[in-house]
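Asker: Residue numbers (this note's numbering), protein chains in the order written: chain A, -16 to 236; chain B, 254 to 612.
In this text, a Cβ means the ideal position worked out from N, Cα and C, and glycines have one as well.
Owing to the predicted nature of the structure, the values given are computational and were not obtained by experimental measurement.
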Amino acid sequence: MDINDIIKPENKVYSKSPLLTDNIMHYCPGCTHGVVHKILAEVIGEMGIQDKTIGISPVGCAVLAYNYIDIDWEQAAHGRAPALATAAKRLNPDKYVFTYQGDGDLASIGTAEIIHACNRGENIVVIFINNAIYGMTGGQMAPTTLLGQVTATTPYGRKAELNGFPLKITELVAQLEGTCFVTRQSAQNPAAVRKAKKAVRKAFENSMMNKGTSFVEFVGTCNSGWKMTPVKANQWMEENMFPFYPLGDIKDR
Amino acid sequence: MAEKILMKGNEAIAYGAIRYGCDGYFGYPITPQSEVMETLMAEKPWETTGMVVLQAESETSSINMLYGGACTGKKVMTSSSSPGISLMCEGMSYLAGAELPCLIVNVMRGGPGLGTIQPSQSDYFQCVKGGGHGDYKMIVLAPASAQDMYDFVDKAFELAFKYRTPAMILSDGVIGQMMEKVELRPIKPRRTAEEIDAQCEWACTGRKSGRKKHMITSLALEAPVQEAANIRLQEKYKEIEEKEALFATYRTEDAEYLLVAFGSMSRLSESVVDLARENGIKMGLLRPITLFPYPKQALESLIPQLKSIASVELNSGQMVEDIRLIVNGRVPVYHFGRMGGMIPSPEEIYEAFVKTINR
Chain A
-16 MDINDIIKPE NKVYSKSPLL TDNIMHYCPG CTHGVVHKIL AEVIGEMGIQ DKTIGISPVG
44 CAVLAYNYID IDWEQAAHGR APALATAAKR LNPDKYVFTY QGDGDLASIG TAEIIHACNR
104 GENIVVIFIN NAIYGMTGGQ MAPTTLLGQV TATTPYGRKA ELNGFPLKIT ELVAQLEGTC
164 FVTRQSAQNP AAVRKAKKAV RKAFENSMMN KGTSFVEFVG TCNSGWKMTP VKANQWMEEN
224 MFPFYPLGDI KDR
Chain B
254 MAEKILMKGN EAIAYGAIRY GCDGYFGYPI TPQSEVMETL MAEKPWETTG MVVLQAESET
314 SSINMLYGGA CTGKKVMTSS SSPGISLMCE GMSYLAGAEL PCLIVNVMRG GPGLGTIQPS
374 QSDYFQCVKG GGHGDYKMIV LAPASAQDMY DFVDKAFELA FKYRTPAMIL SDGVIGQMME
434 KVELRPIKPR RTAEEIDAQC EWACTGRKSG RKKHMITSLA LEAPVQEAAN IRLQEKYKEI
494 EEKEALFATY RTEDAEYLLV AFGSMSRLSE SVVDLARENG IKMGLLRPIT LFPYPKQALE
554 SLIPQLKSIA SVELNSGQMV EDIRLIVNGR VPVYHFGRMG GMIPSPEEIY EAFVKTINR
């Protein structure tokens, strides 16, 4: 008995994007990465560009993104994805090139690479997952960790005088002449997912228009790193992350 | 007759890149090699061959641009000098781990630290032994003339693609800055997309319908998988050592004393050999052209006729360690070198050699 015997085709309202592989995801239940992967697979599939898309995966939890979306992937050194994408796109202007990076990768060790790729106006898409913590290494402070937030390296909460301030890298890249579309999204409920998907699609469409860099931040959760249930993590994100990292388009031209 | 043009070694790299079908150059200015990117920018190859030339924000970014471009099967290169090469070591390790072909040119200057902009060969250990983390090697070619700089661009790309591994042209400030006549060889056009697909069946060029996705990574979380990757790399390096060693000799037929020198020091050492011969000393020179693979057999075959060997290097004695490993105590092995950008005269080297005989 297969799925078509259980659900009659006329009753089917949703199916998994064929670009999402059947590999079991290593992400923790409740993690935002899985939902963003789904959005990416759907957008790439719906645009029909899977044969001309190159993904660049980061170092961090999403290092294994190449296991889950059925396109060609380059896996970058920590923070260097925008440099890889720069060359991949300039040498292959007929391809859609995107980076997928977490907050430690993009906003800490890779600050130079992201600023300069955006400032050159590379015609690439940047997907930036901001969950305010280092997930893979076990929950240390990220550049985007909020003041007061407890992590493995800020056990008494982040203090500005000791640890500096949380970095709004998205607002920073929005100031650069090279970016054409900068937006902050989330993926914690169906309405947010639908909205974010539109933003991701626009970003991919921009990359063939010679307009510059499109930058999509996802404010997300790391319930394991935050040591919360998925439901509690979403609630904490809405109450603490959204006021500091407000959602919406920051730049669109 | 082929056209010959007077140019600097650094300029020869740039013309070699354009004329040998390089797809992309990514670099960051540093003395004494800045003429490479300056020449490329002046020549505007994007208007002729379609070659991309980009000034990156750092050497770190340059080397990662190589990684990004190499993943798509393109012929990509960068050039730098010693401090910049140190910054690139992370990327070189990833390129070797992911088995990506590319060309890195190092026009060495004196160190450590910011050091001097004057010539040196003190990156031998760093570049010949790997440089970055992990068990890896790069193919390393040591040019001794502006013509070599030009020709080795093609040779390095050929070897890099043949073995899917980074290749380096390990030059120095003497060769980079010196002006010589360079014969422009026939042009090799850039490869077409079809040719790249045929040559690089592993490349990320977009997953065509019906083929599996290509994933280029140096990551293997499971130890047995990583060990298998390491074993494959070592087998590749062994094959390179067996097949690709290059060298030149000068007056070695009846030599009793041997100088070993690479790059600029091999040019200078020819004068030392002539000077010794004028004084009745049967001296010869072995010039390793590839430093990895090292021409072990060439040295081995000369050992029975030798009384001693001297390694002449612009450093404190780096290549001499490799020579000693090969010689394994059979004849005395000496080192003569200057450091910090100082270049010895042939007479100075000859006098140092004479002291070793009279010991």
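Does F148/A pass the burial test, meaning 16 or more other C-beta atoms within 10 Å, or should it be called exposed?
Answerer: When all chains shown are included, F148/A counts as exposed.
Asker: How about A71/A: is its C-beta nearer than 7 Å to some C-beta of chain B?
Answerer: Yes, because at least one Cβ of chain B sits closer than 7 Å to the Cβ of A71/A.
Asker: In this structure, how does DSSP classify L130/A when only helix, strand and coil are distinguished?
Answerer: Looking at L130/A - three-state DSSP - the assignment turns out to be coil, as it is neither helix nor strand.
Asker: Taking the DSSP output, what are the residues bridged to Y587/B?
Answerer: A563/B.
Asker: What does DSSP give as the partner residue(s) for P1/A in the beta ladder?
Answerer: Paired residue(s): none; P1/A is not in a bridge.
Asker: Please state whether the Cβ-Cβ distance between P396/B and G274/B is less than 7 Å.
Answerer: No.
Asker: Under 7 Å, Cβ to Cβ, is there at least one residue of chain A near Y281/B?
Answerer: Output row for Y281/B: interface = no.
Asker: Applying a beta-carbon distance threshold of less than 7 Å, which residues of chain B neighbour L74/A?
Answerer: Within 7 Å Cβ-Cβ: D276, G277, V305, G322, T325 and K327.
Asker: Where does H386/B land, buried or exposed, given buried means 16+ other C-beta within 10 angstroms?
Answerer: Counting Cβ neighbours within 10 Å, H386/B comes out exposed, since fewer than 16 surround it.
Asker: Confirm, please, whether the CB-CB distance from N317/B to I338/B is below 7 Å.
Answerer: Contact flag unset, no.
Asker: Just how far apart, CA to CA, sit S169/A and S315/B?
Answerer: Using only the alpha carbons, I get a separation of about 33 Å.
Asker: Would you say A95/A faces chain B, with C-beta separation under 7 Å as the test?
Answerer: Yes, A95/A counts as interfacial toward chain B.
Asker: In the DSSP output, which residue or residues are listed as bridge partners for N189/A?
Answerer: Paired residues: none, contrary to the question.
Asker: Could you tell me whether any Cβ in chain B is nearer than 7 Å to the Cβ of Q58/A?
Answerer: Answer yes: the Cβ-Cβ gap between Q58/A and chain B drops below 7 Å somewhere.
Asker: Whose C-alpha, out of K382/B, P354/B, I610/B and S335/B, is nearest the C-alpha of Q371/B?
Answerer: It is S335/B.
Asker: Could you tell me the boundaries of the alpha helix (DSSP H) in which I484/B lies?
Answerer: Looking at the DSSP string, the run of the alpha helix (DSSP H) that includes I484/B is A476 to K496.
Asker: Looking at T331/B: is its Cβ nearer than 7 Å to the Cβ of L348/B?
Answerer: No, they are not a contact pair.
Asker: Is there at least one Cβ from chain A nearer than 7 Å to E310/B's Cβ?
Answerer: Closer than 7 Å: yes.
Asker: To which residues does DSSP link T166/A through a beta bridge?
Answerer: Per DSSP, V199/A and D232/A.
Asker: Under 7 Å between C-beta atoms, does A66/A make it to chain B?
Answerer: At least one chain B Cβ lies under 7 Å of A66/A.
Asker: So is H20/A in contact with chain B if we call contact Cβ pairs under 7 Å?
Answerer: By this cut-off, H20/A is not an interface position.
Asker: Touching or not, the region 0 to 19 of chain A and the region 148 to 165 of chain A, by the rule of three or more beta carbon pairs under 8 Å?
Answerer: These segments do not touch.
Asker: Looking at chain B, is there any beta carbon in it that lies within less than 7 Å of the beta carbon of K78/A?
Answerer: Judged by the 7 Å Cβ criterion, K78/A is in contact with chain B.
Asker: Name the one or two DSSP bridge partners that R362/B has.
Answerer: For R362/B, which the question treats as bridged, DSSP gives the partners P372/B.
Asker: If you reduce the DSSP assignment to three classes, tell me which class N50/A lands in.
Answerer: The answer is helix: DSSP assigns N50/A an H, G or I state.
Asker: What does I469/B touch in chain A if you count any residue whose Cβ is under 9 Å from its own?
Answerer: Within chain A, the residues near I469/B are Y49, D55, W56, E57 and Q58.
Asker: So K180/A and E25/A are supposed to be a Cβ contact under 8 Å. How far apart are they, rounded?
Answerer: Between E25/A and K180/A the Cβ distance is about 7 Å, and since that is below 8 Å, they are a contact.
Asker: Starting from the C-beta of A186/A, find all residues in its chain whose C-beta is less than 7 Å away, skip the five residues before and the five after it, and write them out in chain order.
Answerer: Contacts found: V108, F164, S197 and V199.
Asker: Is there at least one Cβ from chain B nearer than 7 Å to H9/A's Cβ?
Answerer: Closer than 7 Å: no.
Asker: Which residues in chain A have a C-beta closer than 9 Å to the C-beta of G459/B? List them in chain order.
Answerer: Under the 9 Å cutoff, chain A gives I32, Q33, D34, K35, T36, I37, I54, D55, N75, D77, K78 and Y79.
Asker: Label K461/B either buried or exposed according to how many other C-beta atoms from any shown protein chain fall within 10 Å of its C-beta, with 16 as the threshold for buried.
Answerer: K461/B should be labelled exposed.
Asker: Could you tell me which chain B residues have their CB closer than 9 Å to the CB of H99/A, listed as they occur along the chain?
Answerer: What H99/A touches in chain B: A309, E310, S311 and S314.
Asker: Compare the C-alpha of I271/B against each of R520/B, W299/B, I283/B and Q487/B and name the closest.
Answerer: Comparing Cα positions, the closest option is W299/B.
Asker: Quick one: Cα of L412/B to Cα of D404/B, how far?
Answerer: Cα to Cα, the separation comes out at about 13 Å.
Asker: With E291/B as the anchor, note down where its alpha helix (DSSP H) starts and where it stops.
Answerer: Here the alpha helix (DSSP H) through E291/B covers E288 to E296.
Asker: Could you name the residues of chain A that M318/B contacts, counting a contact when the two beta carbons are closer than 8 Å?
Answerer: Near M318/B (Cβ distances below 8 Å), the residues of chain A are A66, L67, T69 and A70.
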